[in-house]
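>
There are 2 protein chains.
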Amino acid sequence: MPHPTLYHIPACPFCQRLEILLTLKGRRDEVDFKVIDITQPRPDWLLKKTRGTTALPILETADGHIIKESLVILQYLEDIYPERPVAQRDPWRRAVENMLTRMDGDFFSQGYGWLMNQDPARREALREGMLNQYAQLNDFLLAHSPAGPFLFEEFGWAETVFTPFFQRFWFLEYYEDFALPMDARYARVREWITASTSHPAAQQTTQEQVVKLYYDYAKGAGNGALLPGRSKSSMAFEPDWHVRPWPPKNKYEHSATDAELGL
Amino acid sequence: MPHPTLYHIPACPFCQRLEILLTLKGRRDEVDFKVIDITQPRPDWLLKKTRGTTALPILETADGHIIKESLVILQYLEDIYPERPVAQRDPWRRAVENMLTRMDGDFFSQGYGWLMNQDPARREALREGMLNQYAQLNDFLLAHSPAGPFLFEEFGWAETVFTPFFQRFWFLEYYEDFALPMDARYARVREWITASTSHPAAQQTTQEQVVKLYYDYAKGAGNGALLPGRSKSSMAFEPDWHVRPWPPKNKYEHSATDAELGL
Chain D
1 MPHPTLYHIP
11 ACPFCQRLEI
21 LLTLKGRRDE
31 VDFKVIDITQ
41 PRPDWLLKKT
51 RGTTALPILE
61 TADGHIIKES
71 LVILQYLEDI
81 YPERPVAQRD
91 PWRRAVENML
101 TRMDGDFFSQ
111 GYGWLMNQDP
121 ARREALREGM
131 LNQYAQLNDF
141 LLAHSPAGPF
151 LFEEFGWAET
161 VFTPFFQRFW
171 FLEYYEDFAL
181 PMDARYARVR
191 EWITASTSHP
201 AAQQTTQEQV
211 VKLYYDYAKG
221 AGNGALLPGR
231 SKSSMAFEPD
241 WHVRPWPPKN
251 KYEHSATDAE
261 LGL
Chain P
1 MPHPTLYHIP
11 ACPFCQRLEI
21 LLTLKGRRDE
31 VDFKVIDITQ
41 PRPDWLLKKT
51 RGTTALPILE
61 TADGHIIKES
71 LVILQYLEDI
81 YPERPVAQRD
91 PWRRAVENML
101 TRMDGDFFSQ
111 GYGWLMNQDP
121 ARREALREGM
131 LNQYAQLNDF
141 LLAHSPAGPF
151 LFEEFGWAET
161 VFTPFFQRFW
171 FLEYYEDFAL
181 PMDARYARVR
191 EWITASTSHP
201 AAQQTTQEQV
211 VKLYYDYAKG
221 AGNGALLPGR
231 SKSSMAFEPD
241 WHVRPWPPKN
251 KYEHSATDAE
261 LGL
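Protein sequences, first through last, are from chains D and P.
Residue numbers for the first sequence follow the numbering used here, beginning at 1 and rising by one.
Residue numbers for the second sequence follow the numbering used here, beginning at 1 and rising by one.
1) Taking residue 76 of chain D as the query, report the chain P residues whose CB atoms sit under 9 Å from its CB, ordered along the chain.
2) If you compare alpha carbons, which of D/250, D/103 and D/78 is closest to residue 92 of chain P?
3) Counting along the chain, where does the alpha helix (DSSP H) carrying residue 144 of chain D start and finish?
4) Would you report the Cα separation of residue 225 of chain P and residue 108 of chain P, rounded to the nearest angstrom?
5) Can you pull out the residues from the segment 56-88 of chain P whose beta carbon lies closer than 7 Å to at least one beta carbon of chain D?
6) Any Cβ of chain D within less than 8 Å of the Cβ of residue 143 of chain P?
7) State the DSSP-derived secondary structure class of residue 5 of chain D, mapped to helix, strand or coil.
8) Once the 5 residues before and after residue 219 of chain P are set aside, which same chain residues still bring their CB inside 7 Å of it?
9) Using beta-carbon positions only, say whether residue 156 of chain P and residue 97 of chain P come within less than 8 Å of one another.
10) When we look at the beta-carbon of residue 41 of chain D and count the other beta-carbons within 10 Å, is it buried (16 or more) or exposed?
11) Could you tell me whether any Cβ in chain P is nearer than 8 Å to the Cβ of residue 188 of chain D?
12) Alpha carbon to alpha carbon, what distance is there between residue 196 of chain D and residue 6 of chain D?
13) Residue 32 of chain P bridges to which residues according to DSSP?
14) Residue 42 of chain D touches chain P at which residues, Cβ-Cβ below 9 Å?
15) List the endpoints of the continuous alpha helix (DSSP H) containing residue 19 of chain P.
16) Less than 8 Å separating the beta-carbons of residue 100 of chain D and residue 47 of chain D?
17) Output yes or no for whether 8 Å exceeds the beta carbon distance between residue 168 of chain P and residue 210 of chain P.
18) Count the other CB atoms within 10 Å of the CB of residue 117 of chain D; is the residue buried (16 or more) or exposed (fewer)?
19) Using the three-state DSSP reduction, which class does residue 154 of chain P fall into: helix, strand or coil?
20) Note down, in chain order, every chain D residue with its Cβ under 8 Å from the Cβ of residue 102 of chain P.
21) Roughly how far, in whole angstroms, is the beta-carbon of residue 72 of chain P from the beta-carbon of residue 102 of chain D, given that I think they are within contact range, below 8 Å?
22) Could you work out which residues of chain D lie near residue 51 of chain P, taking near to mean beta carbons separated by less than 8 Å?
23) Compare the beta carbon distance of residue 62 of chain P and residue 130 of chain P with 8 Å and say whether it is the shorter of the two.
24) Please go through the segment 61-134 of chain D and give each complete beta strand (DSSP E) segment of 3 or more residues, from N-terminal end onward.
25) Extract the residue ranges of the alpha helix (DSSP H) inside the segment 183-228 of chain P, only unbroken runs of 4 or more that lie entirely within it.
26) Quick one: what does DSSP say residue 59 of chain D is sitting in, helix, strand or coil?
27) Residue 171 of chain D lies in the alpha helix (DSSP H); which residues open and close that run?
28) Let me check understanding here. Comparing Cα to Cα, which of D/8, D/13, D/238 and D/3 lies closest to residue 159 of chain D?
29) Quick check: the segment 230-244 of chain D against the segment 180-199 of chain D, are there 3 or more CB pairs under 8 Å?
30) When the Cα atoms are used, what is the spatial distance from residue 81 of chain P to residue 74 of chain P?
31) Considering only the alpha carbon of each residue, which of D/147, D/25 and D/213 lies closest to residue 187 of chain D?
32) Considering just the uninterrupted stretch of the alpha helix (DSSP H) at residue 261 of chain P, what are its terminal residues?
33) State the DSSP-derived secondary structure class of residue 165 of chain D, mapped to helix, strand or coil.
Right under this line is the structure:
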């Protein structure tokens, strides 16, 4: 039987969700991963599959259907590989993880919005907004899972959804000097983040990779777009990020050249 | 065994989703509906249940748990009342309806954003944006269900999610003279809307109720907020909307008084 094929972008948090889920299920090798270069226009054969949309990941099922949206693909993989369930099966427990999952959009937007901000005057408000997001997660976890570290007994659906964001937000530590304050207000969510980001199934990226690839995002250019004066995106596949220098930390001043970024 | 209790707002489309689902399942009488007056501050006992949030509907389960978010509540009801399934059970079909369901947020925002707009200069762009939403639904239905009228054989999950919006958007016909053009571009989505809004399980509201209750929204005041010079919201329970006159159609000129609205 042919395998499903996942078209993905290496540093994309939505794509990583699927890798985590498949790893938890021991099925990582039963899906073919095809890497798409975000810095190039989408190829025609891919646009034909998606009927024109450019967002990734998409999954092509074994019988040739196309599924879009990471959460929809997650559910599909959960359904076709039911062994080692990742989603909760009890209706109330499933509702709890679904409520937490629905907080993902605001959390993502706040973090990426802050990263891409170019106005130093807005930094403090963006930091406050980010702290508010963490506080909401903290409150939810205290209400539904005070003992921790995960929402339920094991790393599960909610962790699969959020961990890629926790790892991407390492770019806020680097480019915005953000650190979650060490006080009780955030203790429960910090415990969740620590346990989730260190879980063996979620080791698809590192702080170094995130910081290097997301430099252009930090300068306001998302989705592989080119900044003025540059010939290559920091999201480019070559040169490999391992061999590039760490980018300048201060995103509000100097704009690094291709050469300074090792591109 | 005690029943679940649903705290809801009568004209709220998200609440109507739950009524439709329960009606499809023949379980409408097994959930207690408690009406909340959107024009009054949320009572303390309700805020205690929600841990401070004001969005409705919420469901209190038979054993006293609180579930927020209409789509999460829908899934919970689908899980505890599995007979007469409304969601698809096949993984690919479920993925198709989940993809369509995820288009609900943009569709809702476009329709309500246009209704609440107060700047005549923006009308044409808002109309275009609305048409674009319908075109996207049309394309999705043509790709996945060309024969129609529903996404699958029967009125199901996707129809439960979207029909309350189709019925609310009657306010655009009244206050914005919006009509979906009678051409092939929108033929498939029009067929879907017609079949969905006329389904026996989705008759919880009428155009007259929607138009009368949403007058203040059309003037820019959402969620039961009071407009200047008014003492009562058009969302008020009393006087009953049946006995009120139809509001003025031109929302960009005269602002109707309480008396003119029969309040």
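No residue lacks a Cβ here, since even glycine has one placed at the ideal position from N, Cα and C.
If you're wondering where the values come from, they're calculated on a predicted model, not measured in any experiment.
So, from the listed chains and residues:
1) Here the question's residue 76 of chain D lines up with position 76 in the first sequence. Ordered by position in chain P, the residues that pass the 9 Å Cβ test against residue 76 of chain D are 91, 92, 94, 95 and 98.
2) Residue mapping note: residue 92 of chain P aligns to position 92 of the second sequence, counting from 1. Comparing Cα positions, the closest option is D/78.
3) Numbered from its first residue, the first sequence carries residue 144 of chain D at position 144. Start and end: 123-144.
4) Here residue 225 of chain P refers to the residue found at position 225 of the second sequence. Here residue 108 of chain P refers to the residue found at position 108 of the second sequence. Taking the straight line from one Cα to the other gives about 19 Å.
5) 61, 65, 67, 68, 69, 72, 75, 76, 79 and 80
6) The sequence position of residue 143 of chain P within the second sequence is 143, counting from 1. Closer than 8 Å to some Cβ of chain D, the Cβ of residue 143 of chain P qualifies, so yes.
7) The residue you call residue 5 of chain D lines up with position 5 of the first sequence. The three-state secondary structure of residue 5 of chain D, taken from DSSP, is strand.
8) If you number the second sequence from 1, residue 219 of chain P lands on position 219. Excluding positions up to five away in sequence, the list reads 227, 251 and 255.
9) Locating residue 156 of chain P in the second sequence gives position 156, counting from the first residue. Locating residue 97 of chain P in the second sequence gives position 97, counting from the first residue. Yes.
10) Within the first sequence, the letter at position 41 stands for residue 41 of chain D. Flag for residue 41 of chain D reads exposed.
11) Position 188 of the first sequence, counted from the first residue, corresponds to residue 188 of chain D. False, the Cβ-Cβ gap to chain P never drops below 8 Å.
12) On the first sequence, residue 6 of chain D is found 6 positions in, with the first residue counted as 1. On the first sequence, residue 196 of chain D is found 196 positions in, with the first residue counted as 1. So the alpha carbons of these two residues sit roughly 24 Å apart.
13) Your numbering for residue 32 of chain P matches position 32 in the second sequence. Bridge partners of residue 32 of chain P: P/5.
14) Walking along the first sequence from the start, residue 42 of chain D turns up at place 42. Under the 9 Å cutoff, chain P gives no residues; its nearest Cβ is about 18 Å from residue 42 of chain D.
15) As a working mapping, residue 19 of chain P is identified with position 19 in the second sequence. Taken as a continuous stretch (DSSP letters only), the alpha helix (DSSP H) holding residue 19 of chain P covers 13-24.
16) Counting from 1 along the first sequence, the entry for residue 100 of chain D is found at position 100. Counting from 1 along the first sequence, the entry for residue 47 of chain D is found at position 47. Cβ distance not < 8 Å, so residue 100 of chain D and residue 47 of chain D don't count as in contact.
17) Residue mapping note: residue 168 of chain P aligns to position 168 of the second sequence, counting from 1. Residue mapping note: residue 210 of chain P aligns to position 210 of the second sequence, counting from 1. Yes, the pair counts as a contact, with Cβ atoms nearer than the cut-off.
18) Numbered from 1 along the first sequence, position 117 holds the residue referred to as residue 117 of chain D. By the 10 Å Cβ count, residue 117 of chain D comes out buried.
19) Mapped onto the second sequence, residue 154 of chain P falls at position 154. Coil at residue 154 of chain P, not helix or strand.
20) As a working mapping, residue 102 of chain P is identified with position 102 in the second sequence. What residue 102 of chain P touches in chain D: 69, 71 and 72.
21) Along the second sequence, read from residue 1 onward, the residue named residue 72 of chain P stands at position 72. Along the first sequence, read from residue 1 onward, the residue named residue 102 of chain D stands at position 102. Between residue 102 of chain D and residue 72 of chain P the Cβ distance is about 7 Å, and since that is below 8 Å, they are a contact.
22) Position 51 of the second sequence, counted from the first residue, corresponds to residue 51 of chain P. The contacting residues are 139 and 143.
23) Here residue 62 of chain P corresponds to residue number 62 of the second sequence, with the count starting at 1. Here residue 130 of chain P corresponds to residue number 130 of the second sequence, with the count starting at 1. Contact flag unset, no.
24) Correct list: 66-68.
25) 187-197, 207-213 and 215-218
26) Here residue 59 of chain D corresponds to residue number 59 of the first sequence, with the count starting at 1. When secondary structure is reduced to three states using DSSP, residue 59 of chain D falls in the strand class.
27) On the first sequence, residue 171 of chain D is found 171 positions in, with the first residue counted as 1. Residue 171 of chain D -> alpha helix (DSSP H) spans 170-176.
28) For the purposes of this step, residue 159 of chain D is taken as residue 159 along the first sequence, with counting starting at 1. Closest option to residue 159 of chain D, Cα to Cα, is D/13.
29) no
30) Position 81 of the second sequence, counted from the start, is the residue given in the question as residue 81 of chain P. Position 74 of the second sequence, counted from the start, is the residue given in the question as residue 74 of chain P. Their backbone Cα atoms lie some 10 Å apart in a straight line.
31) Residue 187 of chain D sits at position 187 when you count from the first residue of the first sequence. Ranking the options by Cα distance to residue 187 of chain D, first place goes to D/147.
32) Position 261 of the second sequence, counted from the first residue, corresponds to residue 261 of chain P. Run containing residue 261 of chain P: none; DSSP gives neither H nor E here.
33) In the first sequence, residue 165 of chain D corresponds to position 165, counting from 1. It is helical.
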